[in-house]
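In this note's numbering, the protein residues as written are -9 to 510. First the structure, in the form of structure tokens, and then the observations on it.
If you want it as structure tokens, here you go:
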């Protein structure tokens, strides 16, 4: 015999579905008092009110998924039956979760089964209920695999943060999770998923926050009681529900962030819980790296497209406005000679045509050299760089100096990549630096070809190159991507008002690309 009326806590975000469940219970003659909770923020306060005989739940409500709903209930009231009433009740994804509850689950499409299921659940002894264990086998491992797949499919960093926070709570049953990222000497709370507000959008000094401590020390932090740990800045925790926590670094070699989980009660996290959280953080790190590489590839592809179009535009301009006009002049002179050959001497117009033809040859040669310096193939990198520096600066007023002690040739790919990086750096000085002098140095050190382009111009804030898309015009991305093709590196140092230095290092032995593949 069921004790009536039953106090039922119903976790349902859809008001129509909540009404349908209540009508099904009333129609079956079950006397009950229903309390409907629609969001994760209202769940824990509803549990604390007590007087609950049974919990019915959708497979997730805003802020909490099904596993989190179940595990929070198990911690608060281990003996209360928990029944999923969900459209996913017949799906494989819900079966492992339902298997951990005392009475399984019921489909919303078969609500006639709800009352019999409730009766069976209430007749089971409390000892048959069990919390979801955090073991590396069973449904927890399945969920971790699914989470890794979700992270791998993420295309935005915001999606990685959101998935990681939801997963952290689902895997551990925590009351909240937060995703921190390093921003220079500050830590930034980029995302959170919790029963109450934490610190989303706030910055913290790395040396005065637990997320910063975790990143700086590159190790997990487990705190059973936040009010008894000296590392805690307690004023930041007082406004929150947090009583205990676990924090793990995102990428242990050189942490770029941290993931923290929080509980509203004192709790000593198990080693398995920490390992699960660290596995999640490592997976998030890989997903973030994948997205960053994809973004760099897209940016490079866009830059290559724009560069190709600009080159085509430039070539078209040269052919039409320069070479085309010279050809028209030659044609006019020759036609004039043909018409007036009997009345005028031929020598002066022919001399003019010859002069125009010489200018035309010079323009064609210059255009060809700008597209690809044949000096690089014929005489090598040093001569090609010296020639380009002289040609680029001869009408600019820049004091240009070149220094090299190299007396050998290098592989074709290394020479062309080094030349293109130097070319971009020199052109940047001419276009942007407002410099009085420029110095180009090239040498060999530690089995690397080393390049330096130094100017005494106005300088700039290098950080804007990384974080501000409007300052990408200086070509840092193009230089770095070219260098990466052969395992090299390009670094820029600059101080506003004190000039800029571009340094490139290119390994002399590399298998990054086939040496037979020619790079333009």
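Note that beta-carbon positions come from the ideal geometry of N, C-alpha and C, so glycine has one too.
Tell me, which residues are paired with residue i by DSSP?
i, result
"residue 492", "443, 482"
"residue 55", "50"
"residue 394", "432"
"residue 389", "427"
"residue 249", "169, 238"
"residue 205", "DSSP, once it has assigned bridges, lists no residue as partnering residue 205."
"residue 513", "The requested residue 513 does not occur in the structure, where the chain is confined to residues -9 to 510."
"residue 178", "171, 193"
"residue 376", "Beta-bridge pairing links residue 376 to no other residue."
"residue 98", "Answer by DSSP bridge pairing: none, since residue 98 is not bridged."
"residue 0", "26, 46"
"residue 72", "45"
"residue 244", "BP columns for residue 244 are empty, so no partner."
"residue 211", "237"
"residue 183", "167"
Does the Cβ-Cβ distance between residue i and residue j come in under 9 Å?
i, j, result
"residue 374", "residue 405", "yes"
"residue 200", "residue 235", "yes"
"residue -2", "residue 45", "yes"
"residue 175", "residue 196", "yes"
"residue 382", "residue 420", "yes"
"residue 107", "residue 73", "yes"
"residue 168", "residue 189", "yes"
"residue 43", "residue 156", "no"
"residue 216", "residue 227", "yes"
"residue 240", "residue 162", "no"
"residue 185", "residue 34", "yes"
"residue 183", "residue 158", "yes"
"residue 105", "residue 18", "yes"
"residue 369", "residue 425", "no"
"residue 101", "residue 36", "no"
"residue 208", "residue 242", "yes"
Nearest to residue i by alpha carbon, out of the options?
i, options, result
"residue 320", "5, 164, 349", "349"
"residue -4", "3, 20, 12, 10", "20"
"residue 103", "56, 410, 58, 11", "11"
"residue 256", "48, 66, 470, 391", "66"
"residue 416", "384, 169, 161, 366", "384"
"residue 32", "369, 168, 51", "51"
"residue 76", "481, 95, 470, 159", "95"
"residue 537", "232, 13, 392, 57", "Outside the displayed span of the chain (-9 to 510) sits residue 537, for which this structure offers no information."
"residue 279", "407, 418, 246", "246"
"residue 287", "356, 396, 470", "470"
"residue 147", "317, 70, 180", "180"
"residue 451", "488, 313, 343, 259", "488"
"residue 494", "260, 453, 100, 433", "433"
"residue 366", "315, 388, 398, 423", "398"
"residue 230", "136, 244, 238, 165", "165"
"residue 187", "254, 26, 263, 264", "254"
"residue 22", "41, 436, 36, 323", "41"
"residue 173", "453, 131, 480", "453"
Keeping to the same chain, check which residues put their C-beta closer than 6 Å to that of residue i; ignore five residues upstream and five downstream.
i, result
"residue 542", "Residue 542 lies beyond the range of the chain shown here (-9 to 510); nothing can be said about it."
"residue 490", "445, 449, 484"
"residue 47", "1, 59, 74"
"residue 273", "138, 141"
"residue 410", "472"
"residue 134", "none"
"residue 3", "28, 51, 52"
"residue 376", "392"
"residue 430", "379, 392, 443"
"residue 9", "none"
"residue 492", "415, 443, 482"
"residue 244", "none"
"residue 160", "55, 57, 58"
Leaving out five residues before and five after residue i in sequence, what residues of the same chain have Cβ atoms less than 7 Å from its Cβ?
i, result
"residue 277", "141, 142, 144, 150"
"residue 502", "Residue confidence is low: residue 502 scores 38 on pLDDT, short of 50, so the model does not pin down where it sits. No coordinate-derived value is stated."
"residue 400", "371, 439, 498"
"residue 123", "Because the pLDDT of residue 123 is 39, which lies under 50, any placement of that residue in the model is unreliable, and the question is left without a value."
"residue 117", "Residue placement at residue 117 is flagged as unreliable, the pLDDT there being 36, under the threshold of 50; a coordinate-derived value is accordingly withheld."
"residue 293", "467, 468"
"residue 496", "404, 407, 408, 438, 439, 473, 476, 478"
"residue 223", "198, 199"
"residue 396", "372, 432, 433, 434"
"residue 202", "177, 194, 195, 196"
Below 8 Å CB to CB, which residues in the same chain sit around residue i once its five sequence neighbours on both sides are set aside?
i, result
"residue 38", "66"
"residue 378", "363, 409, 412, 413, 416"
"residue 290", "467, 468, 471"
Consider the C-beta atom of residue i and the heavy atoms of the ligand GTP; say whether any pair is separated by less than 8 Å.
i, result
"residue 297", "Only the bare structure without any ligand can be found here, which leaves the ligand GTP out of the picture."
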